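**Q**
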Amino acid sequence: MTHRKALPGIWRRFPERYRLEGNKCKNCGEHFFPPRIICPNCRRDGKLEGHEMSKEGEIYSYTIIRSAPVGFEDQTPYVLAIIELKEGTKVTAQITDVDPEEMEIGMEVEEVLRKISEDGKKGKINYGYKFVPKS
Ligand SMILES: [Zn+2]
153 MTHRKALPGI
163 WRRFPERYRL
173 EGNKCKNCGE
183 HFFPPRIICP
193 NCRRDGKLEG
203 HEMSKEGEIY
213 SYTIIRSAPV
223 GFEDQTPYVL
233 AIIELKEGTK
243 VTAQITDVDP
253 EEMEIGMEVE
263 EVLRKISEDG
273 KKGKINYGYK
283 FVPKS
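Here the sequence shown is numbered in this note's numbering, starting from 153 and rising by one per residue.
1) Our contact map puts I257 next to I211 with C-beta atoms below 8 Å; I'd like the distance itself, whole angstroms only.
2) Which class does E201 belong to by DSSP, given the choice of helix, strand or coil?
3) Taking Cβ to Cβ, would you say L237 is nearer than 8 Å to V243?
4) Whole angstroms are fine: how far does the CA of K176 sit from the CA of H203?
5) What residues are listed by DSSP as bridge partners for C212?
6) Does M153 pass the burial test, meaning 16 or more other C-beta atoms within 10 Å, or should it be called exposed?
7) With the cut-off set at 8 Å, would you say N249 and P285 are in Cβ contact?
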């Protein structure tokens, strides 16, 4: 996939990036993020409805990124983690405001809105969600 083609996808997912908007199956009670079109458990019997995911969860697993992709070089080292939200759904996000050496599995975190990247020449700043250790 080229970078140019990737961009519209980001904008289509705009609401999710800010609000962790997922959905929930009224039939089996399972939550999904990103939202699913069909409940994998119930298939045709599933009844999906919008659900704003909780902003709290705990570290399920993490990795410390020391060699970042283009545009993120100035942020290394940083922590990329899989967070298990209260609903049991897992999301991948950057953990910020943390010393990478202090990361541990099970650490409680909460969502914050932060700058994700800066589009240098155009001065466009992209925001999205990150997580910070819960105070
Ligand atoms: Zn279901």
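Ideal Cβ placement from N, Cα and C applies to all residues, glycine included. Predicted model, so just to flag it, every value in this text is computed and none were measured.
**A** Looking at the coordinates:
1) The pair is a contact, with the Cβ atoms about 6 Å apart (cut-off 8 Å).
2) The answer is strand: DSSP assigns E201 an E or B state.
3) Against a cut-off of 8 Å, the Cβ pair of V243 and L237 comes out as a contact.
4) About 6 Å.
5) Here the sequence assigns Tyr to residue 212, which means Cys is not the residue at that position. Assignment of beta-bridge partners to Y212 by DSSP yields no partner.
6) Note that M153 scores a pLDDT of 40, beneath 50, so its modelled location is shaky and nothing firm can be said.
7) The sequence shown places Asp at residue 249, not Asn. Against a cut-off of 8 Å, the Cβ pair of P285 and D249 comes out as a contact.
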